[in-house]
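Visitor: With this note's numbering applied, the sequence shown corresponds to residues 48 to 194, in that order. Quick reminder that beta carbons are idealized off the backbone N, C-alpha and C, glycines included. Predicted model only: the values in this text are computed from it and were never measured.
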Amino acid sequence: MVVYDLKCAAGHGFEGWFRSPDDFQTQCDDGLLSCPVCHSVEVLRKPSAARLNRGAQSKMVPASGHAASSAHRAQVAMVKAFQHFVDRNFENVGSKFANEARRMHYGEAEERNIRGQATHDEVRELHDEGIEAQPLPIPSPDTDKLN
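1) Return yes when the Cβ of Ile178 is within less than 8 Å of the Cβ of Arg150, no when it is not.
2) Should Phe144 be labelled buried (16 or more other beta-carbon atoms within 10 Å of its own) or exposed?
3) By Cβ distance below 7 Å, which residues in the same chain neighbour Asp134 in space, the five residues on each side in sequence not counted?
4) With a threshold of 16 other CB atoms inside 10 Å of the CB of Phe71, please say whether the residue is buried or exposed.
5) In this structure, how does DSSP classify Glu138 when only helix, strand and coil are distinguished?
6) With the cut-off set at 8 Å, would you say Cys75 and Cys55 are in Cβ contact?
7) Measure the C-alpha to C-alpha separation of Ser117 and Gln130 and round it to an integer number of angstroms.
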């Protein structure tokens, strides 16, 4: 498994996981890779830091467990705060997201903050119509399964 930092022609950065370097190249050549923000298929691999071989005498110094766990806790807290903000300030329209976004865009419904689910094709169609829609980096809870 290889992980690459990628960038689209518009400069949006994202990460991709591939079985092998050849798998990345094949997907790129076949137009199967697209930017999650703007859906551009012009995707390039960003340069990554080179691995330095310093010989057998050199030993790697492990990262401080305290610093790493502290940074992780801060990230988790930030994601939870973001999710709480979205939950409190955006109406969940569920699978009707694309339709509701269109209705607001064309003046058929009151403009408001909404969230919900949309397929990749629906998001692309919204963008083609000039309607902004952004995927959120947080899972959307299945409200049907909540107590």
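Guide: The answer reads as follows:
1) Taking 8 Å as the Cβ cut-off, Arg150 and Ile178 do not qualify as a contacting pair.
2) buried
3) Shown here for Asp134: not one same chain residue has a beta carbon closer than 7 Å to its own, the five before and five after excluded.
4) buried
5) Three-state result, Glu138: strand.
6) The Cβ atoms of Cys75 and Cys55 lie no closer than 8 Å to each other.
7) 20 Å
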